[in-house]
Amino acid sequence: MNAIKYIFEDISFAEKTIQPKYKFVNFAKQKNKQIKSISFIFCSDKYLQKINYKYLKHHDLTDVITFEYNETNDLEGDVFISIERVKENSKTFNVKFKAELARVMIHGVLHLMDYNDKSENEKSLMRKLENEFLKNCI
């Protein structure tokens with residue numbers, strides 16, 4: 000089952016800026032993974048900050064939080080994305096909103112694939128994989 004859902008929690012924006020679901024499915028397949036169920040939950044800073052504190056005990060703002068529910072090799076989880084952070088980051092890094100949104104979305108998917116970004120080496124690998132995805136999308 001290739002179930003990807005887009006959920007708009009407390010914010011609205013142009014849905015045409017979201018990458019088509021098949022691009023995430025194809026990327027997962029290239030990495031020998033299958034998507035069972037991923038929900039991308041688009042929200043405000045305030046909403047995501049509450050999630051961040053409730054579950055991770057962090058007070059700071061963030062652009063993405065991923066909750067993994069994988070019980071098998073198939074990808075399953077929720078990816079919460081602050082649209083306000085994505086907009087701010089796109090200005091900060093001088094990239095289009097659509098590209099930054101795609102980067103943050105695939106970043107969440109990479110976490111579901113068991114990639115981490117705690118060390119510099121892990122961050123570098125994740126950035127390389129994000130760029131690989133973006134190259135085929137944007």
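Position 62 of the sequence shown, counted from 1, bears residue number 61 in numbering that gives the first Met the number 0, the numbering being contiguous throughout.
Note that beta-carbon positions come from the ideal geometry of N, C-alpha and C, so glycine has one too.
As DSSP reads the structure, I40 sits in a beta bridge with I6, F79.
Distance from the Cα of K30 is smallest, within the candidate group S118, I137, M112, E121, for M112. Of the candidates K28, K56, E70, I82, the residue whose Cα lies closest to the Cα of M104 is I82. Rounded to whole angstroms, the Cβ separation of D62 and R84 is 4 Å, and the two are in contact under 8 Å.
By the 16-neighbour rule on beta-carbons within 10 angstroms, E99 is buried.
According to the DSSP assignment, E121 belongs to no beta strand (DSSP E) but to the alpha helix (DSSP H) extending over 119 to 134. Cβ neighbours of Y52 within its own chain (closer than 7 Å, five residues either side excluded): H58. The criterion of a C-beta distance shorter than 9 Å is not satisfied by I3 and K15. For A27, same chain residues with a beta-carbon under 8 Å away, outside a window of 5 residues either side, are Q33, I34, L74, V108, M112 in chain order. Note on F7: under 16 other CB atoms within 10 angstroms of its CB, so exposed under the neighbour-count rule.
If you look at E99, you'll find it in the alpha helix (DSSP H) that goes 96 to 111.
Here L74 is bridged, per DSSP, to I34.
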